Amino acid sequence: MTIADKINPLNTFRGASRYVLDEELAKIVNVSIAIEMPLLLKGEPGTGKSMLAYAIAESLGMPLIVLNVKSSMKLVDALYQYDTLTRLNDSRFGDSTRNVSNIEEYITMGKIGQAFVADNRTVLLIDEIDKADTDFQDDMLDVLDQMQFDIIEIDKTISAVHRPVVVITSNAKKDLSDPFLGRCNFHHIAFPDSDMMRRIINVHFPNLQGDMVRACVDAFYRLRDIEGIEKKPATRELINWIRALKSDPDFVLSELRRGDVPYLGVLFKKSPDMHIASRRIAQMIR
Amino acid sequence: MFIDFFYTLRDRGVPVTPTSFLRLHRVLSLGLIHSVDEFYTVARSILVKSERYFDIYDQVFASRFHGVELQEPGDEELSELAKLLLDEWLKNPRQVADALGVDEEELARLSPEELIKYFFDRLKEQTEAHHGGNKWIGTGGTSPVGHSGYHPGGMRVGGVSRNKSAVKVALERRYRDYSQEGPLTRSQIGEALKRLRRMVPVGPKDVVNVDKTIYETIRNGGEIDIVYDRRLRDRIKVILMIDNGGWSMDPYIDLVQTLFHYVRAQFKDLTIYFFHNTIYDEIWLDPQRWNKPEKTLAFAAKDPETRLIIVGDASMAPFELTSKKGYIYLSSMWTRPSIENLQLLSKTFPHAVWLNPRPACEWWDAWSIDIIRQVFPMYELTLDGLDKAVGYLMSRN
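Here the protein sequences come in this chain order: D and G. Per the working numbering, the first sequence runs over residues 1 to 286. Per the working numbering, the second sequence runs over residues 1 to 397.
If you want it as structure tokens, here you go:
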């Protein structure tokens with residue numbers, strides 16, 4: 001493949017309609033796509049790690065396949081499932097259209113399998129990889145490295161038709177294993193600063209007035225700075241909060257500027273946090 | 001070639017592998033990087049795999065690219081790197097071949113000496129082809145094509161550029177917060193303890209056991225007999241014993257409290273006991289160590305599957321451990337030396353660890369630490385230590 005093919009304008013990520021992309025991340029995404037490496041994203045909840053995969057899929061016009069990792073998950077679940085029970089049932093009652101002696105008819109693809117056999121190149125989002133244990137992670141990377149896996153039951157090797165664009169997210173503070181990290185590109189998404197946040201809000205609420213955006217974002221960062229909060233409100237909370245404010249006919253912007261914060265519950269999801277926040281707000285108003 | 005950049009990162013403790021370094025060169029030779037800014041970003045994503053090292057990376061990057069002339073690497077440096085590459089090759093030939101952009105089998109035919117020679121030549125060739133460092137990347141902004149040095153058809157960025165050079169950004173040390181030196185926080189403890197669990201079947205039988213179902217069905221002569229099992233649930237039991245007395249533990253109160261709070265939230269079946277310095281004939285359920293004593297001997301009857309975690313600095317006068325009357329409160333009369341109590345606990349609970357908030361480098365100066373380490377495996381109360389302790393607690397020993 002020549003360079004020109006790899007940087008084909010059609011295949012270069014430009015950010016999507018609801019996603020504000022920063023320069024660094026755009027470059028990293030493009031390089032990862034070009035050298036076909038999985039991209040591992042870490043960062044606080046609400047920094048848009050998973051959203052990035054949706055944005056890539058949207059802007060490159062590729063289908064998105066999401067694998068939500070669970071702690072009990074085994075690698076084979078992500079590759080394919082062999083539906084033994086249906087087969088057993090069919091063999092007993094014989095009233096289905098499937099051919100019982102053909103095992104392949106009872107094999108369905110898991111998320112990784114789907115990404116491999118898809119007709120077009122896909123974006124494969126592997127969400128919250130840290131939930132699974134280390135073995136799962138390493139084995140999965142082997143599969144993604146070689147872009148193929150075996151279905152033992154029918155002795156068949158599934159190879160990727162098109163190498164999917166792989167985005168992996170992790171919330172873990174702890175590092176993933178070395179072999180895993182060795183096969184990924186890595187980026188840590190920092191929490192957006194207030195300029196960036198205003199742009200994000202503008203993307204989500206294009207018709208919102210500038211002073212309203214500024215007041216909301218300022219209040220939001222003030223609340224994030226309160227000490228002793230366990231779960232700081234993130235972008236998602238801010239967007240929901242603005243939505244709540246917008247739909248409230250009694251809401252007055254000057255109140256917010258004065259320091260009063262309605263709908264605290266949208267921003268703080270833990271009761272001790274909410275308690276601390278409302279006390280601080282009361283102090284600030286006084 | 002930036003070989004010194006690579007070595008400086010390694011010297012400063014960033015685990016950079018030669019493979020990833022080669023990968024970076026592949027990206028450079030593909031012409032994907034057009035400015036120092038882009039180099040800063042892309043090199044970080046390829047070389048550095050944890051935000052904890054971002055701060056070191058920034059420092060190294062700033063000092064390396066801040067008005068410093070780039071130098072051609074000497075043959076000596078190249079052959080060092082070639083040897084490192086051989087190590088990588090032995091571990092994972094495929095990756096190295098990929099990073100070099102050559103066929104794995106072609107390399108596999110070579111002997112180790114030939115491989116070193118081959119790697120050396122390739123590295124040398126890359127160095128010369130690009131006349132040293134700066135030419136690997138175009139100068140930002142002066143590129144004839146594209147907006148601000150970007151490749152034609154490159155990406156459009158949502159918003160204005162950050163208007164700072166990569167070196168300036170690096171000098172800001174934005175990632176200082178993430179560097180490793182920070183204290184252990186609650187969520188980090190959570191991460192470390194997440195793996196501590198014991199799956200046992202409980203609850204209603206609602207999961208199909210395929211193997212048994214097939215077996216029973218065949219035994220039934222083809223009449224389907226579906227066998228259900230109970231689901232696996234976490235039923236781990238944990239006993240936590242905390243040294244909460246004495247001035248020697250004072251510096252670690254915050255740390256132990258953090259652990260304490262998290263552990264309370266994490267484990268359903270948890271009992272917490274308190275002691276002072278070491279464990280005598282009684283141990284207390286109340287932090288005041290007064291109202292609710294429990295006999296240490298009674299622990300022998302508890303479930304041996306319980307995980308026992310003892311937290312203390314294990315620093316005390318030797319006689320406190322070994323003497324029958326070792327207890328520091330003279331009015332009390334004890335019948336057994338404390339070390340026997342510790343041995344009893346370690347015999348009862350094969351899965352037991354001692355977490356020490358004192359850093360391991362200080363352990364040599366307390367004789368009592370030595371003795372206790374013969375009874376319990378001891379780990380530092382750090383993220384790393386917790387991780388190892390959990391590993392030990394989960395092993396089938």
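No residue lacks a Cβ here, since even glycine has one placed at the ideal position from N, Cα and C. Note that the structure is a prediction, hence the values are computed from the model and not measured.
>> Let's test the definition: count the other Cβ atoms within 10 Å of the Cβ of phenylalanine 186 (chain D) and tell me whether it reaches 16, buried, or not, exposed.
In response: Per the 10 Å Cβ criterion, buried.
> Do you know offhand how far valine 261 (chain D)'s Cα is from threonine 134 (chain D)'s?
Replying inline: Taking the straight line from one Cα to the other gives about 43 Å.
> Whose CA, out of G:Arg10, G:Gln95, G:Lys49, G:Trp367, lies closest to the CA of leucine 22 (chain G)?
Replying inline: Per the Cα distances, G:Gln95.
>> On the CB-based measure, 16 or more other CB atoms within 10 Å of its CB, does valine 16 (chain G) come out buried or exposed?
In response: By the 10 Å Cβ count, valine 16 (chain G) comes out buried.
> Looking at the structure shown, is valine 48 (chain G) part of a helix, part of a strand, or coil, going by DSSP?
Replying inline: In the displayed model, valine 48 (chain G) falls within coil according to three-state DSSP, outside both helix and strand.
>> DSSP has tryptophan 241 (chain D) in a bridge; who is on the other side?
In response: DSSP, once it has assigned bridges, lists no residue as partnering tryptophan 241 (chain D).
> What's the C-alpha gap between threonine 322 (chain G) and alanine 132 (chain D)?
Replying inline: Approximately 45 Å, taken between the alpha carbons.
> What residues of chain G sit near threonine 84 (chain D), judged by a beta carbon separation below 7 Å?
Replying inline: Those within 7 Å of threonine 84 (chain D) in chain G are Val210.
> So asparagine 356 (chain G) is in the beta strand (DSSP E); what residue range does that whole segment cover?
Replying inline: 352 to 356 is the extent of the beta strand (DSSP E) around asparagine 356 (chain G).
> Buried or exposed: methionine 197 (chain D), going by 16 or more other Cβ atoms within 10 Å of its Cβ?
Replying inline: For methionine 197 (chain D), the number of other beta carbons within 10 angstroms of its own is at least 16, and it is reported as buried.
> Name the chain D residues that come within less than 8 Å of glycine 222 (chain G), Cβ to Cβ?
Replying inline: Simply Arg92.
> Within this structure, are the beta carbons of leucine 79 (chain D) and aspartate 130 (chain D) separated by less than 8 Å?
Replying inline: Pairing leucine 79 (chain D) with aspartate 130 (chain D) gives a Cβ-Cβ distance that is not under 8 Å.
> Could one say the Cβ of alanine 24 (chain D) lies closer than 8 Å to chain G's Cβ atoms, at least one of them?
Replying inline: As written in the sequence, residue 24 (chain D) is glutamate, which differs from the alanine given in the question. Using a Cβ-Cβ cut-off of 8 Å, glutamate 24 (chain D) counts as an interface residue toward chain G, since at least one Cβ of chain G sits closer than that to its own.
> For tryptophan 367 (chain G), does the count of other Cβ atoms within 10 angstroms reach 16, so buried, or fall short, so exposed?
Replying inline: With fewer than 16 Cβ atoms within 10 Å of its Cβ, tryptophan 367 (chain G) is classed as exposed.
>> Suppose the cutoff is 8 Å on Cβ atoms and the five residues either side in sequence are ignored; what does the same chain contact list for serine 91 (chain D) look like?
In response: Excluding sequence neighbours, serine 91 (chain D) sits near Val100.
> Once you ignore the five residues that flank valine 69 (chain D) on each side, which residues in its own chain have a CB closer than 7 Å to its CB?
Replying inline: Once the five neighbours on either side are set aside, the close Cβ partners of valine 69 (chain D) are Ile126, Asp127, Glu128, Ile129, Lys131, Ala132.
> Quick one: is phenylalanine 191 (chain D) near chain G, going by C-beta distance under 8 Å?
Replying inline: So no, phenylalanine 191 (chain D) is outside the interface.
> Ordered along the chain, which non-local residues of its own chain (more than five positions away) have a Cβ less than 6 Å from that of phenylalanine 267 (chain G)?
Replying inline: The residues are Val238.
> Counting pairs of Cβ atoms below 8 Å between the region 275 to 294 of chain G and the region 313 to 322 of chain G, do you hit three or more?
Replying inline: In this structure the region 275 to 294 of chain G lies against the region 313 to 322 of chain G, because at least three pairs of beta carbons, one per stretch, are closer than 8 Å.
>> Can you pull the chain G neighbours of serine 49 (chain D), defined as C-beta to C-beta under 9 Å?
In response: The sequence shown places lysine at residue 49 (chain D), rather than the serine named in the question. Within 9 Å of the CB of lysine 49 (chain D), no CB atom of chain G is found; the nearest one sits about 13 Å away.
> Near histidine 275 (chain D), what residues of its chain come up, given a Cβ to Cβ distance below 8 Å and the 5 sequence neighbours on each side ignored?
Replying inline: Exclusion of the five residues before and after histidine 275 (chain D) leaves no residue of its chain whose Cβ lies closer than 8 Å to its Cβ.
>> Among D:Ser71, D:Ser59, D:Met212, D:Gln137, whose alpha-carbon lies nearest the alpha-carbon of leucine 253 (chain D)?
In response: For the residues D:Ser71, D:Ser59, D:Met212, D:Gln137, the minimum Cα distance to leucine 253 (chain D) belongs to D:Met212.
> At which residue ranges does the region 128 to 194 of chain D contain complete beta strand (DSSP E) runs of 3 or more residues, listed in the order of the chain?
Replying inline: Taking only runs of at least 3 residues, the beta strand (DSSP E) segments lying wholly in the region 128 to 194 of chain D are 148 to 151, 156 to 159, 165 to 170, 185 to 189.
>> If the criterion is Cβ atoms closer than 8 Å, does the pair leucine 60 (chain D) and leucine 124 (chain D) meet it?
In response: At a Cβ-Cβ threshold of 8 Å, leucine 60 (chain D) and leucine 124 (chain D) do not count as neighbours.
>> Going by DSSP in three states, glycine 398 (chain G) sits in which element: helix, strand or coil?
In response: Here chain G covers residues 1 to 397 and nothing more, so residue 398 (chain G) does not appear.
>> Helix, strand or coil for leucine 67 (chain D)? Go by DSSP, reduced to three states.
In response: The answer is strand: DSSP assigns leucine 67 (chain D) an E or B state.
>> Measuring straight from C-alpha to C-alpha, what distance separates serine 331 (chain G) and alanine 282 (chain D)?
In response: Here the model assigns serine 331 (chain G) a pLDDT of 47, short of 50, so the residue's position is not dependable, and the following value carries that caveat. Straight through space, the alpha carbons of alanine 282 (chain D) and serine 331 (chain G) are spaced by roughly 53 Å.
> Got a sec: is the Cβ-Cβ distance from phenylalanine 2 (chain G) to anything in chain D below 8 Å?
Replying inline: No, because no Cβ of chain D sits closer than 8 Å to the Cβ of phenylalanine 2 (chain G).
> Where does leucine 270 (chain G) fall in DSSP's three states?
Replying inline: DSSP places leucine 270 (chain G) in strand when its eight states are reduced to three.
>> For valine 60 (chain G) and arginine 10 (chain G), what's the separation of their Cα atoms in angstroms?
In response: Rounded to whole angstroms, valine 60 (chain G) and arginine 10 (chain G) show a C-alpha spacing of 10 Å.
>> Would you say leucine 88 (chain D) lies against chain G (beta-carbon separation less than 8 Å)?
In response: For leucine 88 (chain D), the closest Cβ of chain G is nearer than 8 Å.
> When the Cα atoms are used, what is the spatial distance from threonine 41 (chain G) to methionine 51 (chain D)?
Replying inline: Cα to Cα, threonine 41 (chain G) sits roughly 20 Å from methionine 51 (chain D).
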